[in-house]
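2 protein chains.
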Amino acid sequence: MALAVREPGRKLRPASRHLARQRATRVTWTKNGGRYSAALTPLVAPPCEDLMLAPSDTVAVLSIARQDFLSFDSSATCGDVVARFSDAAHKDDVNFACLKQSDGRFLGLVNLRDCLAEAATRPAREMMIDDVTPLTEDTTAEDAARKVLRTRVHCLPVLDKAGRIRGLLPDQAAYQFMFDMADEDAAKMAGIVGVAHDHDNYMNLTIWQDYRRRIPWIFGLAVAGLAAGLVVHAYESALDVLVILALYMPMIADTGGNVGTQSASLITRAISFGSITTLDAGRVLWRELRVALLVAATLFVFTYLKVYFLSNGAEIPMGLGLNDIGIAIGVAITVQVVSATLIGAVLPVVSVALRQDPAVVSGPALTTIVDLTGLLIYFSVTTRLLGIELAPA
Amino acid sequence: MALAVREPGRKLRPASRHLARQRATRVTWTKNGGRYSAALTPLVAPPCEDLMLAPSDTVAVLSIARQDFLSFDSSATCGDVVARFSDAAHKDDVNFACLKQSDGRFLGLVNLRDCLAEAATRPAREMMIDDVTPLTEDTTAEDAARKVLRTRVHCLPVLDKAGRIRGLLPDQAAYQFMFDMADEDAAKMAGIVGVAHDHDNYMNLTIWQDYRRRIPWIFGLAVAGLAAGLVVHAYESALDVLVILALYMPMIADTGGNVGTQSASLITRAISFGSITTLDAGRVLWRELRVALLVAATLFVFTYLKVYFLSNGAEIPMGLGLNDIGIAIGVAITVQVVSATLIGAVLPVVSVALRQDPAVVSGPALTTIVDLTGLLIYFSVTTRLLGIELAPA
């Protein structure tokens, strides 16, 4: 059943956008047992505006693989391969062809250049590249692109369940997909929605379109920011008693956002390069905990010294010393750094486990969460340690 | 004069890292009239750890271009071209060769596949691709990569001042460079330093190395965050008089960071895709101003309605009504949204004009700046509009 996938509000991937634009093909998405697959059909006019896009978690490798590849029977000679590549009508930029068995199953890859170097009568099968691990058609485009970029041969075949060749993924296409994805992730982390189409048209969007891609996160985060306001509001009497607390409040909140963004961004990168998986969650947390403790120790020392030596003229209530206050604020920032780092580390791992896009949580959502937890930590730690009584709000 | 470029603390680009790793070559940087150029020399062992890297603003196109390309005299035939490509010793994955004039100057590009399709005796010159605009060797790698990705032929030659061919830049290399750059920019925006080497080794860094790439921004921003604390501290008496101000304070600061990050990120993207330049600064500001006014209007309405209808039980001093307070806070958020959006738009343009990397200012630095300006705006606007007298701090 053919299905045009363009549901409003779904996250979209720029699947094969560039391919389609350059080579004037239309992508048709086919739903098959819960998965989408795509076919590229030649078109007369570039279908750039009309291109169908797939939800990000269902972009299959076939949507970025070439489907106009050459394939040969196992009996083909090097001369046969060169002759087909020489066909002026076949203007592809990929130098690889597939050899297939008599039942159509994949046998191996051959490189045009290898065949060119040999006598025309030599069986192409003897030139086959043997260390090729084919992709299956249910591989995601992202996994497939990573695998191609790690191979020595710069190209991998895509097979269906029966072992028949469905497409060929060259490294150009893999790089292009990864580049589009990195770019799209950067936009998501900045809280911009629906970036699939706006690659290079900053000036071309209408003001209204530009507004619509920015306002959802801005509005949502403004509402969420009221929660942080409630915390400040609830502890306003603590600020009355100890005015110096106001001085360190923005630093506590901001530092949480900064350390959380760092760890979320590093872990999102590591996940997207395949160097960690959700199974490594324990090791990731242990590593982040140790780094966070070093960062927290640095800021504890800085904060304590700042409070102790550079608080000239601050009003300190009876019974409290700068030593106590320095330690209390230092403990608060320590707890905030460790918790925000771990929240930043956990969110991308959890979002991958839940099949969500980690780039979204690594951005504005994270900052808002650790802002709130940071203010809660700050006021509860300092009022507890310094024995400040809160007036009823 | 040969010069190994690895000064501590300089921003590094992952120039030709992947190339060198895969093809076992060493990059040697040569300083020539204030510019760096690179030569790739074959090596026995992959020099991954030992690779020289260039400062980001001096990566020239030759560091990512192929230097082992084929070139032919203008008298070469299609058969000559095919024969050289067939040479088993020349295992490149680029299908293009250069034709040169008798004095060595560039004449045009030919495609192996075009020559294969023709009679061996036909002059290769007749198959030349004529709409090629060569790159010059003083082009930056970034500009060159963008130009290649826009061409129809997927490959561009790099010429020296005399018009001689120095290298060939295929689209694989261009995509790879752009992908590395997008990835590196994402890390910079998260405030992580020295990302050139840590592509896929999240688990391999020591805790101490990981600490060192995170602490510079965290520490610097914590110090800067104290300035925002001074603002809250200075206006503490306003919070005393009008407790409800505390409720909206984090929202004002956060919203500034959010809108600023959006506009900085969109403009950084537009600059890096070449769709705007520093000459467009006026048009960019005018566009951002209009989008910001729409966003600000939305938040003004939201804030006013929230204050007016959902402030049950808030202590309001004599002489002030919820209508006045709603308008005052709404005006403050309007000013904050517009100013933070414009600051976010100006910083990347200014940093490009000053030849700095826009990704750095689009990240943590921006958030800290608009946090500070936001609190100043918030307290000065509300105290002015509501006539709140400040107690001497």
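Order-wise, the sequence lines are chains A and B. With the UniProt record's numbering, letter number 191 in the first sequence gets 191, and the count goes up by one each step, no holes. With the UniProt record's numbering, letter number 386 in the second sequence gets 386, and the count goes up by one each step, no holes. Built from N, CA and C at the ideal position, the CB exists for glycine as well.
Could you work out which residues of chain B lie near residue i, taking near to mean beta carbons separated by less than 7 Å?
i	result
SER380/A	Those do not exist, as SER380/A stays about 16 Å from chain B at its closest Cβ, beyond 7 Å.
GLU236/A	LEU239, VAL243, ALA246
VAL259/A	ILE218
GLN172/A	ASP171, GLN172, TYR175
PHE179/A	TYR175, MET178, PHE179, ALA182
ARG343/A	According to the sequence provided, residue 343/A is Ile. The question's Arg does not apply to it. Simply none; closest approach about 15 Å.
Run through chain A and tell me which residues come within less than 8 Å of residue i, C-beta to C-beta.
i	result
TYR304/B	Going along chain A, no residue has its Cβ under 8 Å from TYR304/B, so there is no contact; the nearest lies around 13 Å.
VAL132/B	In chain order: nothing, as chain A lies at least about 15 Å away.
ASP371/B	PRO250, ASP254
ILE325/B	Neighbours of ILE325/B on chain A: none; closest Cβ ~14 Å, over 8 Å.
THR140/B	Those do not exist, as THR140/B stays about 17 Å from chain A at its closest Cβ, beyond 8 Å.
SER86/B	ARG113, LEU116, ALA117
VAL331/B	Correct list: empty, because the minimum Cβ distance to chain A is about 15 Å.
Is the separation between the beta-carbon of residue i and that of residue j shorter than 8 Å?
i	j	result
ALA296/B	VAL349/B	no
LEU169/B	LEU205/B	no
GLY229/A	PRO250/B	yes
VAL148/B	ALA174/B	yes
LEU299/A	LEU342/A	no
SER362/B	THR261/B	yes
ALA141/A	VAL61/A	yes
CYS155/B	VAL223/B	no
ALA246/A	VAL232/B	yes
GLY326/B	TYR304/B	yes
LEU116/B	LEU107/B	no
LEU390/B	THR383/B	yes
ILE252/A	ALA332/A	yes
VAL158/A	ARG152/A	no
SER263/A	TYR202/B	no
ILE192/B	ARG212/B	no
PHE85/A	LEU70/A	yes
THR367/B	GLY257/B	yes
ALA345/A	LEU294/A	no
ASP185/A	ALA186/B	yes
ILE218/A	THR255/B	yes
The beta strand (DSSP E) that contains residue i, what's its start and end?
i	result
ASP73/A	70 to 73
LEU107/B	106 to 111
LYS100/B	96 to 100
VAL153/B	No beta strand (DSSP E) holds VAL153/B; DSSP gives it neither H nor E.
PRO170/B	165 to 170
Residue i touches chain B at which residues, Cβ-Cβ below 8 Å?
i	result
ASN95/A	ASP93, ASN95
ASN201/A	SER275
LEU299/A	ILE218, PHE219, ALA222
Please list the terminal residues of the continuous alpha helix (DSSP H) segment that includes residue i.
i	result
GLY330/A	322 to 353
GLU225/B	Residue identity differs from the one stated: residue 225/B is Gly in this sequence, not Glu. Where GLY225/B is concerned, the enclosing alpha helix (DSSP H) stretches over 207 to 234.
TYR248/A	244 to 272
LYS306/B	281 to 309
GLY374/B	366 to 386
ARG84/B	78 to 86
Can residue i be considered in contact with the ligand NAP, in the sense that its beta carbon sits closer than 7 Å to one or more heavy atoms?
i	result
VAL193/A	Among the ligands in the structure shown, none appear at all, so the ligand NAP cannot be discussed.
Listing by chain order, which chain A residues have their CB less than 7 Å from the CB of residue i?
i	result
VAL295/B	TYR211, ARG214, ILE215, ILE218
ASP357/B	Residues of chain A passing the Cβ test: none, with the nearest at roughly 14 Å.
THR368/B	ASP254
So which residues of chain B does residue i contact, with C-beta pairs closer than 9 Å?
i	result
TYR308/A	Correct list: empty, because the minimum Cβ distance to chain B is about 15 Å.
THR255/A	ILE218, LEU221, ALA222, GLY225
SER265/A	ALA186, ALA187, MET189, ALA190, GLY191, ILE192
So with CB distances below 9 Å, who are the chain A contacts of residue i?
i	result
SER351/B	Simply none; closest approach about 16 Å.
GLY79/B	Within 9 Å Cβ-Cβ: nothing; GLY79/B doesn't reach chain A, min ~12 Å.
Inter-stretch contact (C-beta, 8 Å, three-pair minimum) for the stretch 268 to 285 of chain A and the stretch 228 to 246 of chain B: no
- request: Determine, using beta-carbon pairs with one atom in the stretch 71 to 83 of chain B and one in the stretch 113 to 127 of chain B, whether at least three such pairs fall under 8 Å.
  value: yes
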